[in-house]
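Engineer: Protein chains in written order, with the numbering used here: chain Y, 90 to 536; chain X, 363 to 844. Where is the CB? At the ideal position from N, CA and C, for every residue including glycine. Mind looking over this structure? Questions follow.
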């Protein structure tokens, strides 16, 4: 208790000293947003396992360390070192952030359609972009748990993409968050805002990576708005260092007939928590949430999704799969709320888990709350091990036991990748998976 | 389905058929709860010291507890000092020796409910230990059971006659520290049933208790303890109806089941307590703790419940699968209409090897009813080859009701196979149309579809109960889709 109070004070202290250096302090509304969030954080502090939403995820390890915002500094980072983490075959806009700060030298911006904005959030705030006041900090709830309030209190930098009406951004935007080793453990709090106005379309890729095996804390928030008929496709690739803590929130508002697709892959990180909140604000929208988590050693990966069917005729599809090895622990909580007038809702959810070791643990909780009658909702959750018959089939064809297990595990996970539409990302994640699940061998070699 | 909606709303609004108060003088103590009251209850029942000590420990612990608020139910705060914790019919003082000696008003009450004792004795062959406001007043078929060595009596009798069994098993599954309501029950419980089936005995008949809540403002704190010794079998039936009244009533029962090696306990409940009027006023609050422990190898415990009554139901019949090869089952139909709220489900805790559990839960919501399934399947580290299958389906009727599922799955062993499935939908228009087209009335069609929806659970009920359950569903639901 004392420790957590102290950690809280460190952040409050850091805010008192550093607030005037944050971007946009010339705009009263930005300052006000920060101050309000700071007060909320001071009141809430960090969640405990007594909070139902954090029942299975203990964040005291985060509180035990004092993390500090890093100064703006490239730390000798070159494009060369980032090469393994970019997609060579994918023409895209690239925004690179080092320890939470925008690094224009490493970023790449191609020609944009008229009116479209792809920039750092700090830049957009400084320029006083008009759409910001309407959207920034409007969707992430700062009154629920301390982390969103903490991020908002320090609201500094992150990616910002804005598409006006009828604009289609053909190339995806790749946002790369890099963490580096510093003397003090780093606190990075990326804040992203993606706004797709009516009839527009964008594809976003958020990668969280680290170049050193070091301990740091990423507390990220993305706010996404899809206006009428807009389509947003979002990829989140979590490859934090093996000692890193990552708390990430994605808050989505969907207007009439919009479409939001999320692919959320978590492979690395000591303690990772992803919150994906989608609110259907108007009729006829569609949402697809796909997820894959692969954990081993002492990793802890927690995925919380919340789909709020507030309006009629919306459909949602959710598909999450997990592979757990070593002493890893995974948590899945999929909450679907169907409000009273959300008739003709069609919601489906599935969560499948594969336990590979004696000490792995999974806690899954698919949750339906339905207040309307003319709806179709279903959810399913399974926990199990590899199919003995399938193993036998492979063994009887001369494949050794270890390889057979790897192949089946890989096939189990690949199911999620097949749902990704961007081929370069799919093959990138496939690579990540083969490294993790097949010890670097490719399927061809095995065959 | 606009046709016939007039008759349908008439059917839905039908008044509670079993609502009446029998005017019997009750031997009650003043409302309120204190250590003194606990001592009075214990003294009135002439209990041995160990019982009093146990009650007092529970009471002390209860003082340190807070009322839980995590359930998905809403109700005004309960004033625990405004409840009468003990009430027994006057006629209890000179305990009746046969049915003739029983207060005719009591017998009439049972007749109104359609369960005349004498008729049941003859027709159904069921031994009925009828609990009328907390104290057993009639026990039948005692002799036939005694022949086999089966003990089936009221809890207070068991405390007097078999204190060693009570002391050994009481609180061994639901300790007095378990939860707010179980602890309250441990401190003040008035009576209940006690069953002991000796080694290798197959209980010759289905045991049955009919509970009734009667004296106004009386909390009902039942305590049931069933012990099935090695290799035995028992099927236990519990059924409830209650008279209409205005005050909300608290019911906090505790049921403990213990199955030793190779034993099987089948516990069936039909619950039809007063659900409150159309505005949701005055129904019963049913906060029950039910738990069974499979203590010996290959033991089996099966819970079947049909919940149609109560304003609020808060109930999670659970099974602790402690030994190897044990089996736990849970079959449930929960129906909420008007302003009823149900937060019910089960807990299956897999501890031993090769344990398996099955959960089938069917929820039906109509009117402003809110129906939640809350279940926990927990596989501990040592539970090799644990197997669980869970299916919970919800049926919605009307735009103002709700159906919710909160399944918790916690697995710590890789050999476990756990499956959970849930669906929610309204009655299919196609099915309704098909039935209507073939000349069935709207309410008959709905009744048929609902009964089909619940069939997987009804087939687990003993014959007599299955009939009663279908009738209850019929009364509460027919034509609820308009």
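In the DSSP assignment, find the alpha helix (DSSP H) that holds residue 563 (chain X) and state where it starts and stops.
Structural biologist: As a first step, residue 563 (chain X) is located in the second chain; it is residue number 201 there, counting from the start. Element bounds for residue 563 (chain X): n/a, residue is neither H nor E.
Engineer: Compare the C-beta of residue 708 (chain X) against all C-beta atoms of chain Y and say whether one is closer than 7 Å.
Structural biologist: By one-based count along the second chain, residue 708 (chain X) stands at place 346. Chain Y contact via Cβ: absent.
Engineer: Which partner residues of residue 288 (chain Y) appear in the DSSP bridge assignment?
Structural biologist: Walking along the first chain from the start, residue 288 (chain Y) turns up at place 199. Bridge partners of residue 288 (chain Y): none, in fact.
Engineer: For the beta strand (DSSP E) containing residue 522 (chain Y), name the first residue and the last one.
Structural biologist: The residue given as residue 522 (chain Y) occupies position 433 in the first chain. No beta strand (DSSP E) holds residue 522 (chain Y); the alpha helix (DSSP H) holding it covers 512–526.
Engineer: Restricting to Cα atoms, I'd like to know which of X:506, X:442, X:742 and X:796 is closest to residue 811 (chain X).
Structural biologist: If you number the second chain from 1, residue 811 (chain X) lands on position 449. When only C-alpha atoms are compared, the closest one is X:796.
Engineer: Between residue 329 (chain Y) and residue 335 (chain Y), is the Cβ-Cβ spacing less than 7 Å?
Structural biologist: For the purposes of this step, residue 329 (chain Y) is identified with residue 240 of the first chain, where counting begins at 1. For the purposes of this step, residue 335 (chain Y) is identified with residue 246 of the first chain, where counting begins at 1. Note that the C-beta distance between residue 329 (chain Y) and residue 335 (chain Y) is below 7 Å.
Engineer: Determine, for residue 758 (chain X), whether the minimum Cβ-Cβ distance to residues of chain Y falls below 7 Å.
Structural biologist: Taking the first residue of the second chain as 1, we reach residue 758 (chain X) at position 396. Yes, residue 758 (chain X) lies at the interface with chain Y (some Cβ there is under 7 Å from its Cβ).
Engineer: Would DSSP call residue 835 (chain X) helix, strand or coil?
Structural biologist: The count along the second chain starts at 1 and reaches residue 835 (chain X) at position 473. It is helical.
Engineer: Starting from residue 221 (chain Y) and walking both ways along the alpha helix (DSSP H), at which residues does that stretch end?
Structural biologist: Within the first chain, numbered from 1, the residue matching residue 221 (chain Y) stands at position 132. Element bounds for residue 221 (chain Y): 219–224.
Engineer: In the DSSP assignment, what residue or residues form a beta bridge with residue 654 (chain X)?
Structural biologist: Numbered from 1 along the second chain, position 292 holds the residue referred to as residue 654 (chain X). Note: residue 654 (chain X) sits in a beta bridge opposite X:619 and X:681.
Engineer: Pull up the DSSP beta-bridge partners for residue 769 (chain X), would you.
Structural biologist: On the second chain, position 407 is the one that residue 769 (chain X) refers to. Residue 769 (chain X) pairs with X:737.
Engineer: With H, G and I counted as helix, E and B as strand and the rest as coil, what does DSSP make of residue 789 (chain X)?
Structural biologist: For this step, residue 789 (chain X) is matched to residue 427 along the second chain. If DSSP states are grouped into helix, strand and coil, residue 789 (chain X) belongs with coil.
Engineer: Quick one: residues in its chain with C-beta nearer than 6 Å to the C-beta of residue 513 (chain Y), no 5 flanking neighbours on either side, listed in chain order?
Structural biologist: Here residue 513 (chain Y) refers to the residue found at position 424 of the first chain. Taken in chain order, the residues that qualify are 176, 178 and 179.
Engineer: Just checking: is the beta-carbon of residue 694 (chain X) within a distance shorter than 7 Å of some beta-carbon in chain Y?
Structural biologist: In the second chain, residue 694 (chain X) corresponds to position 332, counting from 1. Answer no: the Cβ-Cβ gap between residue 694 (chain X) and chain Y never drops below 7 Å.
Engineer: Assuming residue 519 (chain Y) and residue 506 (chain Y) are in contact, meaning their beta carbons sit under 8 Å apart, how far apart are those beta carbons, in whole angstroms?
Structural biologist: Here residue 519 (chain Y) refers to the residue found at position 430 of the first chain. Here residue 506 (chain Y) refers to the residue found at position 417 of the first chain. Confirmed, Cβ separation roughly 6 Å.
Engineer: At the 7 Å Cβ level, is residue 679 (chain X) part of the contact set with chain Y, yes or no?
Structural biologist: Translated into the one-based positions of the second chain, residue 679 (chain X) becomes position 317. No, no contact with chain Y.
Engineer: Of all the CB atoms in chain X, is at least one closer than 7 Å to the CB of residue 467 (chain Y)?
Structural biologist: For the purposes of this step, residue 467 (chain Y) is taken as residue 378 along the first chain, with counting starting at 1. Answer yes: the Cβ-Cβ gap between residue 467 (chain Y) and chain X drops below 7 Å somewhere.
Engineer: Can you give me the start and stop residues for the alpha helix (DSSP H) that residue 469 (chain Y) sits inside?
Structural biologist: As a position in the first chain, residue 469 (chain Y) is number 380, starting the count at 1. Not the alpha helix (DSSP H): residue 469 (chain Y) falls in the beta strand (DSSP E), residues 465–473.
Engineer: On the criterion of 16 or more Cβ atoms from any shown chain inside 10 Å, does residue 447 (chain Y) qualify as buried, or is it exposed?
Structural biologist: As a position in the first chain, residue 447 (chain Y) is number 358, starting the count at 1. So residue 447 (chain Y) ends up on the exposed side.
Engineer: Rounded to a whole number of angstroms, what is the C-alpha to C-alpha distance between residue 292 (chain Y) and residue 280 (chain Y)?
Structural biologist: Stepping through the first chain from its first residue, residue 292 (chain Y) is reached at position 203. Stepping through the first chain from its first residue, residue 280 (chain Y) is reached at position 191. In a straight line, the C-alpha of residue 292 (chain Y) is about 18 Å away from that of residue 280 (chain Y).
Engineer: For residue 407 (chain X) and residue 552 (chain X), I'd like the C-alpha separation in whole angstroms.
Structural biologist: Reading the second chain from its first residue, position 45 is the one you call residue 407 (chain X). Reading the second chain from its first residue, position 190 is the one you call residue 552 (chain X). Taking the straight line joining both Cα atoms gives about 8 Å.
Engineer: Nearest-angstrom Cα distance between residue 136 (chain Y) and residue 234 (chain Y)?
Structural biologist: Numbered from 1 along the first chain, position 47 holds the residue referred to as residue 136 (chain Y). Numbered from 1 along the first chain, position 145 holds the residue referred to as residue 234 (chain Y). So the alpha carbons of these two residues sit roughly 6 Å apart.
Engineer: Is residue 249 (chain Y) near residue 282 (chain Y), with beta carbons less than 7 Å apart?
Structural biologist: Counted from its first residue, the first chain places residue 249 (chain Y) at position 160. Counted from its first residue, the first chain places residue 282 (chain Y) at position 193. Their beta carbons are under 7 Å apart, which means residue 249 (chain Y) touches residue 282 (chain Y) by this criterion.
Engineer: Following the continuous alpha helix (DSSP H) through residue 117 (chain Y), name the residue where it begins and the one where it ends.
Structural biologist: For the purposes of this step, residue 117 (chain Y) is identified with residue 28 of the first chain, where counting begins at 1. Residue 117 (chain Y) -> alpha helix (DSSP H) spans 117–133.
Engineer: To the nearest angstrom, report how far apart residue 259 (chain Y) and residue 207 (chain Y) are at their CA atoms.
Structural biologist: Here residue 259 (chain Y) corresponds to residue number 170 of the first chain, with the count starting at 1. Here residue 207 (chain Y) corresponds to residue number 118 of the first chain, with the count starting at 1. Roughly 13 Å separates the two Cα atoms.
Engineer: Taking residue 455 (chain Y) as the query, report the chain X residues whose CB atoms sit under 8 Å from its CB, ordered along the chain.
Structural biologist: Along the first chain, one-based indexing puts residue 455 (chain Y) at 366. Going along chain X in sequence order, the residues near residue 455 (chain Y) (Cβ under 8 Å) are 767, 769, 782 and 784.
Engineer: On the CB-based measure, 16 or more other CB atoms within 10 Å of its CB, does residue 198 (chain Y) come out buried or exposed?
Structural biologist: Here residue 198 (chain Y) refers to the residue found at position 109 of the first chain. Classification of residue 198 (chain Y): exposed, given that the 10 Å Cβ count is below 16.
Engineer: Enumerate, from N- to C-terminal direction, the unbroken alpha helix (DSSP H) stretches of 4 or more residues contained entirely within the stretch 415–495 of chain Y.
Structural biologist: 477–485
Engineer: What number of angstroms, rounded off, separates the C-alpha of residue 657 (chain X) from the C-alpha of residue 467 (chain Y)?
Structural biologist: Translated into positions along the second chain, residue 657 (chain X) becomes position 295. Translated into positions along the first chain, residue 467 (chain Y) becomes position 378. Cα to Cα, residue 657 (chain X) sits roughly 36 Å from residue 467 (chain Y).
Engineer: Quick one: which chain Y residues come within Cβ less than 7 Å of residue 416 (chain X)?
Structural biologist: In the second chain, the residue the question calls residue 416 (chain X) occupies position 54. Ordered by position in chain Y, no residue passes the 7 Å Cβ test against residue 416 (chain X), which lies about 30 Å from the chain.
Engineer: Over what stretch of residues does the beta strand (DSSP E) that includes residue 719 (chain X) continue unbroken?
Structural biologist: Position 357 of the second chain, counted from the first residue, corresponds to residue 719 (chain X). Taken as a continuous stretch (DSSP letters only), the beta strand (DSSP E) holding residue 719 (chain X) covers 718–728.
Engineer: Can you give me, in chain order, the residues of the stretch 153–173 of chain Y that have a beta carbon less than 8 Å from any beta carbon in chain X?
Structural biologist: none
Engineer: Which residue's Cα is closest to the Cα of residue 655 (chain X): X:620, X:667, X:801 and X:775?
Structural biologist: Looking up residue 655 (chain X) in the second chain gives position 293. For the residues X:620, X:667, X:801 and X:775, the minimum Cα distance to residue 655 (chain X) belongs to X:620.
Engineer: So residue 498 (chain Y) packs on residue 361 (chain Y), CB below 8 Å; how close in whole Å?
Structural biologist: By one-based count along the first chain, residue 498 (chain Y) stands at place 409. By one-based count along the first chain, residue 361 (chain Y) stands at place 272. Rounded, the Cβ-Cβ distance is 20 Å, inconsistent with contact.
Engineer: By the three-class DSSP mapping on this structure, what secondary structure does residue 239 (chain Y) have?
Structural biologist: Numbered from its first residue, the first chain carries residue 239 (chain Y) at position 150. Of the three classes helix, strand and coil, the one that applies to residue 239 (chain Y) here is helix, per DSSP.
Engineer: Pick from X:752, X:756 and X:727: whose alpha carbon is nearest that of residue 738 (chain X)?
Structural biologist: Looking up residue 738 (chain X) in the second chain gives position 376. Measuring from the Cα of residue 738 (chain X), the nearest candidate turns out to be X:752.
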